[in-house]
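One structure is given here, and the rest of the page talks about it.
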C-alpha cells in the first residue's frame, strides 16, 4: 500500500471463509516446500491466515489477492527455512556434545559432558525453555506435539523456543570469543 492510498476494507467473515477454502490447497503446497513435515506446513499456513486476517486491509489494492497471498506464503516459508537452518546448526553442535560409549563398553554419562558450552547453556535455561528445546530440537517433535506433551498452548511453545534459542545463541557467541 502506498502512502496516501485509501485502506482496503477488512475481509468479512464469509469472504474470509471462502478465501480459505479456495486458496488453502495452493498455499499449503507453497509452504510445504519449505518444511520437512506436514505439521510444520500446517503451522505456517495457520500463521499465514492470521496474517491475512490482520493485514489484508493494508495490502496494495493493485496487487491481486492471490499474488499477495503467494508472497506472504513465500516470506513465511523463507523465514521458516532460515530458522530451521539455525536449529540444524544447533542440532549438529548438540550432536557433537552427546554422550558417547567408550570402546570398553562403558557409557559416558551426560554429567561427564555437562562441561561443554552447549550443555551448560541448556542446563541454565528456565525449566520450560529447557523442556521445549529438548522436545523441539533434540527429539524433533512438532510444535503441536510439544504443546500436548507439556500441557501448554502452541503459542507458549513457540515463544519459549524463540527465547531459549536467543539465550543459547548469545551464550554460545560469548563462549566462542
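In this note's numbering, the protein residues as written are 6 to 182.
Virtual Cβ for every residue (Gly too), placed ideally from N, Cα, C.
Since the structure is predicted, the reported quantities are computational estimates derived from the model, not experimental observations.
Under 8 Å between C-beta atoms of residue i and residue j
i	j	result
residue 185	residue 72	An answer regarding residue 185 cannot be provided, because it is not within the stretch 6 to 182 covered by the chain.
residue 39	residue 85	yes
residue 165	residue 123	no
residue 50	residue 32	yes
residue 87	residue 170	no
residue 138	residue 130	yes
residue 154	residue 140	yes
residue 145	residue 152	no
DSSP-derived helix/strand/coil call for residue i
i	result
residue 46	helix
residue 157	coil
residue 80	helix
residue 67	coil
residue 18	helix
residue 40	coil
residue 141	helix
residue 131	coil
Residue of the options minimising C-alpha distance to residue i
i	options	result
residue 42	132, 148, 81, 26	148
residue 186	53, 65, 66	Because the chain here runs from 6 to 182, residue 186 falls outside it and cannot be looked at.
residue 177	126, 139, 90	126
residue 47	29, 68, 61	29
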